[in-house]
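Numbering (full-length UniProt numbering), first residue to last: 1 to 410. Ideal Cβ placement from N, Cα and C applies to all residues, glycine included. I have placed the structure first, in the form of structure tokens, so that the comments after it can refer back to it.
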């Protein structure tokens, strides 16, 4: 079984790297043309500690008792390692690509084992507090396609229940269905602290899988992880079902696939995302995560926890599109600008927000069904962009034009 390198290396991620390299760390980068500037990603709200990539090796499981190592045997002498998250005593949520080859072949449950309650996969046999269990069922999201990023989620049913009473192993709660880890009234300069944990390597090409590590990163708007093409997030056009982080020198790498992306204060954390991809070079710190709260994904997870297999049509398809959102018209006081939502597939309800930025500040006039905005005199000194929110039964996704045009008097 070949897990996606780092966790996945894709040509489109190289394009993503090239785009984000131009953004820099300030509130705006070099002008694209005239008074229009490209927006830069917001700074992460946490500082990375020295060494996952850029993280900390944990001395015990207390900071991430829900994170487990997963090993899938390809042959008697070889296999692939991933990570996962305990959500109850008999289930682990992880990544689908850990069990499905690019040609569609799927690992059998007998090929998979889970190691919990330890900080060392290879040291587990000598650790009396660790638990190694087999797997009864491997369920992968029915919409998952190895050629895409979308719906990269799996649920393992364990052969033996884990003991959650010792404190070394714990279940991480799932978030409310349809909730968002980022506020839905801000679109550009917003970030949320996310704690990653997994057993992956510390750098591309390293050979140190098997040690539990953690690192803090910041989730940022999915639009900042785009390629600038019609596919907005490094090859995906599904903003409702993906989360994104981008902090150079801190993030997930190969072997962290399927691992934990948790949010919330210590003692009240929930599983926000399942680690999916990183760039070709893990040091870039650019990761995508399956959004556990999105109904398209959560419907599958909840069914798997009930030991039910769902066909693809039983999981609601979230909005697809949004990579070519654009603001048109002259940003001149008294004139009207228009937010063009671009191309979308699957039925959606659309709402629009006109976003004003100045330095690192952001303000907006809220979401509405109106696609046009008449520029006001109070907007002088700000630059204007726009965001599009698309919603349906599968989830709510927001994308935005990653540029802003300076408001002028004439």
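#1: Based on Cα-Cα distance, which residue from 246, 162, 375, 176 lies nearest to residue 190?
#2: My output table needs one value for residue 253: the three-state DSSP class, helix, strand or coil.
#3: For residue 348, which residues from the same chain have a beta carbon less than 7 angstroms from its beta carbon, with the 5 sequence-adjacent residues on both sides left out?
#4: Pick helix, strand or coil for residue 195, following the three-state DSSP scheme.
#5: Using a Cβ-Cβ cut-off of 7 angstroms (strictly less than) and excluding sequence neighbours within five positions of residue 329, which residues of its own chain qualify?
#6: For the beta strand (DSSP E) containing residue 220, list its first residue and its last residue.
#7: Going by DSSP, which residues form a beta bridge with residue 299?
#8: Can you check which of these residues, 395, 344, 307, is closest to residue 323 by C-alpha distance?
#9: Whole angstroms is fine: what's the gap from residue 144's alpha carbon to residue 96's?
#10: Just checking my contact of residue 37 with residue 383 at CB under 8 angstroms: how many whole Å lie between their CB atoms?
#11: Inspect the CB distances between the region 166-182 and the region 206-215 and report whether three or more fall short of 8 angstroms.
#12: What are the start and end residues of each continuous beta strand (DSSP E) run of 3 or more residues lying completely inside the region 353-383, in chain order?
#13: Nearest to residue 411 by CA position, among 114, 283, 128, 242, is which residue?
#14: Does the beta-carbon distance from residue 154 to residue 98 come in below 8 angstroms?
#15: Roughly how many angstroms separate the alpha carbons of residue 119 and residue 403, rounded to a whole number?
#16: Taking the continuous beta strand (DSSP E) assigned at residue 91, which residues delimit it?
#17: Report the three-state DSSP secondary structure of residue 240 (helix, strand or coil).
#18: If we ignore side chains and look at the alpha-carbon of each, how far apart do residue 173 and residue 271 end up?
#19: Select from 130, 224, 142, 170 the residue whose C-alpha is nearest the C-alpha of residue 87.
#20: For residue 397, which beta-bridge partners are listed by DSSP?
Taking the structure as given:
#1: Nearest option by C-alpha distance: 246.
#2: Secondary structure of residue 253 (DSSP, three-state): coil.
#3: So the list reads 319, 390, 391, 392, once near-sequence residues are dropped.
#4: Reduced to three states, the DSSP call for residue 195 is strand.
#5: These residues qualify, in order along the chain: 335, 336, 337, 338.
#6: Its beta strand (DSSP E) spans residues 213-220.
#7: Answer is none; residue 299 lacks a bridge partner.
#8: If we check each option's Cα against that of residue 323, 344 comes out closest.
#9: Across the structure, residue 144 and residue 96 are spaced so that their CA atoms are roughly 7 angstroms apart.
#10: 7 angstroms between Cβ atoms; contact.
#11: Here the region 166-182 does not lie against the region 206-215, with fewer than 3 beta-carbon pairs under 8 angstroms apart.
#12: Runs found: 361-364, 372-374.
#13: Any answer about residue 411 is impossible in this case: the structure gives the chain only from 1 up to 410.
#14: Closer than 8 angstroms, so yes.
#15: For residue 119 and residue 403, the distance between alpha carbons rounds to 44 angstroms.
#16: Boundaries of the beta strand (DSSP E) around residue 91: 91-94.
#17: Here residue 240 sits in coil by DSSP.
#18: Using only the alpha carbons, I get a separation of about 6 angstroms.
#19: Answer by Cα proximity: 170.
#20: Per DSSP, 390.
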